[in-house]
Amino acid sequence: MKIIGIDMGKANLKAFDGVREFTCASTFAEGVDKLESGYQVLHNGKKYLIGDTTLNYDLEITKEKAQHRMMMYLAIFNLVSNGEHVGVVTSCPVDIFLNKQSKNSYRRFLQEDDKVTLTVGNKTKTFYIDALTVVAEGSGYLFQNPEQCADEMIGLIDIGGSTTNYILANDLNVVRGQSFCEADGMHYLRVKIRDVLKKNGVVVGENEVKYLLKDMGAHKYIINGVINTYLDGIKKHLIARNWSENTKLVFVGGGSLELKRQIEEKFPHSTISSDALFDNCYGNHRIGVLIWEKSRE
């Protein structure tokens, strides 16, 4: 059984099988033909387009949608041979993870079909999902870096596309009551920047904002002001949940890379993971190895 770690973020779909990686944009449409970019997917007589960056991103927090199951299938398809059996570890917002009923519902939703036949482009494969486990978004870092996190209190801040997950971990275990999720990921921040720029007479679209984050130019003062307010909000969340000032903070997720300079200024004693974009799927793969390879010994 091949073990695959998958991170179905709202910005990017990422997967890792221990050797190879797969990633594409987390965009999805049903019944739409591929033009130039993305993956044309056929499943059970229905046609989907995944990963075309001209499509809109889904900003809703819930992941119990057909598009997430189809993105998981696409990730598996790109990492398996025809007829292969897989074990999957994927992520969900920490609030869902901490609710046993919600977590099990999401797991059952994703594993609705054990046998999957998928056509991507002109290739068709059948694969079997023998096992599936759901973990908290952001927790992949713990198992990707166990030597740094074991016997420690670690605070993980995973800035994603639509959410920010806050995980307080004690010796690799998620602490209930102090771990939580907020609907204020990078899409939220970009909209804030767009709106503030508009109030100052500068009209830009949300998609343009991501380029302004790289090169702010004449708008540097305005944009940095919005980002500072956003990061102050993160500090307030930590105080509200009684995170100690001595907690070792680690920032993960694609948003942490986009805001690297500002995070280092606002949180000078924190760490920004060097694998921030892939920590979840790398760590999820390692969790699968710990669960299923040990069980076969």
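Residues 10 to 306, numbered by this note's numbering, are exactly what the sequence shown covers, in order. For every residue, glycine included, the Cβ atom is placed at its ideal position computed from N, Cα and C. As the structure is a prediction and not an experimental result, all values here were calculated from the model.
query	result
Starting from the C-beta of T128, find all residues in its chain whose C-beta is less than 6 Å away, skip the five residues before and the five after it, and write them out in chain order.	L51
Beta carbon of V98, beta carbon of T142: below 8 Å?	yes
Which residues does DSSP pair with D16 in a beta bridge?	K23
Tell me which same chain residues have a C-beta within less than 7 Å of the C-beta of S219, skipping the five on either side of it?	The residue asked about is misnamed: residue 219 is Lys in this sequence, not Ser. Hits under 7 Å: R199.
From R185 to I176, what does the alpha carbon distance come to, in whole angstroms?	9 Å
Using only CA atoms, which one of N233, F189, V125 lies nearest to M79?	V125
Classify T238: buried if its beta carbon has 16 or more other beta carbons within 10 angstroms, exposed otherwise.	exposed
In terms of alpha-carbon separation, which member of N289, I15, I13 lies closest to Q153?	N289
Label S90 either buried or exposed according to how many other C-beta atoms from any shown protein chain fall within 10 Å of its C-beta, with 16 as the threshold for buried.	exposed
Since I believe E39 is in contact with Y57 (beta carbons under 8 Å), could you give me their beta-carbon distance rounded to a whole number of angstroms?	6 Å
Where does F5 fall in DSSP's three states?	Outside the displayed range of the chain (10 to 306) lies residue 5, so it cannot be described from this structure.
With DSSP as the reference, please indicate the residues paired to N216 in a beta bridge.	Note: N216 sits in no beta bridge, so no partner.
Does DSSP classify H294 as helix, strand or coil?	helix
With C-beta atoms as the reference, is G194 less than 8 Å away from I163?	no
Okay, do the segment 261–269 and the segment 279–288 touch, 3+ Cβ pairs below 8 Å being the bar?	yes
Does M225 come out as helix, strand or coil in the three-state DSSP assignment?	coil
Following the continuous alpha helix (DSSP H) through K269, name the residue where it begins and the one where it ends.	269–275
To the nearest angstrom, how far is it from the Cα of Y115 to the Cα of K109?	10 Å
Can you have a look at Y82 and say buried or exposed, based on whether 16 or more other CB atoms are within 10 angstroms of its CB?	buried
Output needed for A145: all residues of its chain with C-beta closer than 8 Å, excluding positions within five of it in sequence on either side, in chain order.	S100, C101, P102, V103, F106, L107, N174, I176, V183, S188
Classify E93 as helix, strand or coil using the three-state DSSP reduction.	coil
Alpha carbon to alpha carbon, how far is G210 from K275?	28 Å
Under 6 Å Cβ to Cβ from S148, same chain only, skipping five residues before and after it: list those, please.	I176
Sorted by chain position, which residues of the same chain lie with C-beta nearer than 7 Å to N293's C-beta, five sequence neighbours on each side aside?	G14, I15, D16, V98, T99, S100, V144, G149
Given that a residue counts as buried once 16 or more other Cβ atoms are within 10 Å of its Cβ, and exposed if not, what is H278?	exposed
When the Cα of N179 is compared with those of E93, K223, W252, which residue comes out closest?	W252
DSSP three-state call for A38: helix, strand or coil?	strand
On the criterion of 16 or more Cβ atoms from any shown chain inside 10 Å, does Y291 qualify as buried, or is it exposed?	buried
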